[in-house]
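The listed protein sequences derive, respectively, from chains A and B. So the first sequence is numbered by the working numbering: it starts at 1 and just counts up by one. So the second sequence is numbered by the working numbering: it starts at 1001 and just counts up by one. The beta-carbon is built from N, C-alpha and C at its ideal position, and this holds for glycine as well.
2 protein chains.
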Amino acid sequence: MKTTDLLNVSDVAHRSGFAPSALRFYEREGLIGATRTTGNQRRYERNVLRRLAFVRAAQNVGLSLDEIAAALSTLPDGRTPTRADWTRLSRTWRSRLDEQIAALSKLRDGLDSCIGCGCLSLKKCAISNPGDVAATDGPGANYLPRRLRVNVQRTPAR
Amino acid sequence: MKTTDLLNVSDVAHRSGFAPSALRFYEREGLIGATRTTGNQRRYERNVLRRLAFVRAAQNVGLSLDEIAAALSTLPDGRTPTRADWTRLSRTWRSRLDEQIAALSKLRDGLDSCIGCGCLSLKKCAISNPGDVAATDGPGANYLPRRLRVNVQRTPAR
DNA sequence: GTTATAGTTGAAGTAAACTTGAAGTCAAGC
DNA sequence: GCTTGACTTCAAGTTTACTTCAACTATAAC
Chain A
1 MKTTDLLNVS DVAHRSGFAP SALRFYEREG LIGATRTTGN QRRYERNVLR
51 RLAFVRAAQN VGLSLDEIAA ALSTLPDGRT PTRADWTRLS RTWRSRLDEQ
101 IAALSKLRDG LDSCIGCGCL SLKKCAISNP GDVAATDGPG ANYLPRRLRV
151 NVQRTPAR
Chain B
1001 MKTTDLLNVS DVAHRSGFAP SALRFYEREG LIGATRTTGN QRRYERNVLR
1051 RLAFVRAAQN VGLSLDEIAA ALSTLPDGRT PTRADWTRLS RTWRSRLDEQ
1101 IAALSKLRDG LDSCIGCGCL SLKKCAISNP GDVAATDGPG ANYLPRRLRV
1151 NVQRTPAR
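This is the structure we're talking about:
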């Protein structure tokens, strides 16, 4: 239990690509934890980097922070998560990704035929109405990531 | 120019799958237009359905409303858009979709190797760091749709 | 010891894409 | 001709995922 290899905020920010404000936000939301120095500054354990890698990865797969938090909460409390723990969490993404890819491919194929016909019919067009992929609104394929997050500090708003 | 086949709000809502509030919002944003009755109620031309189909389709491809509005504004003012007009608008989506699919496939392939290794390394993992697809932040592949919109009235918040 | 740099908090702001509510008006069927 | 349901406006609220600000406080280097 070396105290020496704890990371401070800017270390973690630089190495994870998340802004310090995002790290604080994630801590408030329970996605990551931190210990404090006597002067109340955050110090992070090394494995926070792995957690953050998971966060970014999960965002790329289209999970919301709530879902990510739920997934992370299934990690063991006492010990540092093992490779197997992470693998278990990641495994569910596979089907999610498959569904997303299928949905987009369907859209693209539909587009190819639509470009031929120019229809954009509300009822028939696969693009405007990717029915069988998305119309089932039970747990299924009705998600796609908002935007592929880049592993780079976001440019600040305005 | 029959006045008889104008559609009212609830017709358009049902046939397009957009909520009336969304239709009003889109009108404010300039995506669609409407004439008014003497009593100030909206009446929509039939081709609004096609515009709305375009909106939904474009959302599925990941365009923001601003982008969609810009695209729609290139349609001819005077005449009803032809098939060729719509085709022209749709054509740009193809590459966009290709990029999205490529990005997700990369993610999935990375996941396959990550599940083998359990790494989730910030530097190396293709999932948490889908570098070459997304790291270029010029005009390129840094977008994915938020969520595959379903052609169904959304369940209201809370 | 001092100073520059880095870190702390809580509240408020941002952006997109809509929805909700209140308070009132229109249209259609009986 | 009146009631009922549909429609109107405008302002404000919602959600997600953060960022920004102001006013302080720590830490590290010298």
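| Asked | Found |
| --- | --- |
| Let me confirm a value: B:S1010 is counted as buried when at least 16 other C-beta atoms fall within 10 Å, else exposed. Which label applies? | exposed |
| Taking DSSP as the reference, what is the three-state secondary structure of B:G1131? | Low confidence applies to B:G1131: its pLDDT is 48, below 50, so where it sits in the model is not reliable enough to give any reading. |
| Going straight from the alpha carbon of A:S73 to that of A:L31, what length do you get? | 8 Å |
| Would a check of beta-carbon distances place A:R94 closer than 7 Å to chain B? | yes |
| Quick check: what's the CA-CA separation for B:A1070 versus B:R1028? | 14 Å |
| Closer than 7 Å, CB to CB, is A:L7 near chain B or not? | no |
| On the premise that B:L1107 lies in contact with A:L52, defined as a C-beta separation below 8 Å, what is that separation, rounded to the nearest angstrom? | The pair is not a contact, with the Cβ atoms about 17 Å apart (cut-off 8 Å). |
| A:I101 CB to nearest chain B CB: under 7 Å? | yes |
| Report buried or exposed for B:Q1041, applying the criterion of at least 16 other Cβ atoms within 10 angstroms of its Cβ. | exposed |
| Given a cut-off of 7 Å on the beta-carbon distance, is the pair B:Q1100 and A:L63 in contact? | no |
| Please give me, in chain order, every unbroken run of the alpha helix (DSSP H) with length at least 4 that falls completely inside the segment 1039-1108 of chain B. | 1048-1061 and 1065-1073 |
| Measuring only the C-alpha atoms, how far is A:V48 from B:D1112? | 23 Å |
| Check whether chain A comes within 7 Å of B:T1038, counting only Cβ atoms and requiring the distance to be less than that. | no |
| Which residue or residues does DSSP assign as beta-bridge partners of B:L1007? | B:Y1044 |
| Leaving out the 5 sequence neighbours to the left and right, which residues in its chain are closer than 7 Å to B:D1005 when beta-carbon positions are compared? | R1046 |
| Quick one, which of A:G39, A:R43 and A:R88 has its alpha-carbon nearest A:F54's? | A:R88 |
| Within 10 Å of its beta-carbon, does A:G17 have 16 or more other beta-carbons around it, so buried, or fewer, so exposed? | buried |
| Using CA atoms only, rank isn't needed, just tell me which of A:L65, A:P76 and A:A102 is closest to A:P25. | First, the residue type needs correcting, since residue 25 of chain A is Phe and not Pro in the sequence shown. The shortest C-alpha separation from A:F25 is found at A:L65. |
| Taking CB distances under 7 Å as the criterion, tell me whether A:N60 reaches chain B. | yes |
| With a CB to CB cut of under 7 Å and the five nearest residues on each side skipped, what residues in its chain are close to B:R1015? | L1049 |
| List the endpoints of the continuous alpha helix (DSSP H) containing B:F1025. | P1020 to R1028 |
| Report back the beta-carbon spacing between B:L1075 and B:Y1044 to the nearest angstrom; my notes put them in contact at under 8 Å. | About 16 Å; that fails the 8 Å criterion. |
| Determine which residues share a DSSP beta bridge with A:R36 and list them. | A:R42 |
| To the nearest angstrom, how far is the alpha carbon of B:E1067 from that of A:R94? | 31 Å |
| Tell me which residues share the same chain as A:A22 and place their Cβ nearer than 6 Å to its Cβ, disregarding the 5 neighbours each side in the sequence. | none |
| Step through the CB atoms of chain B and report whether any lies within less than 7 Å of the CB of A:L89. | no |
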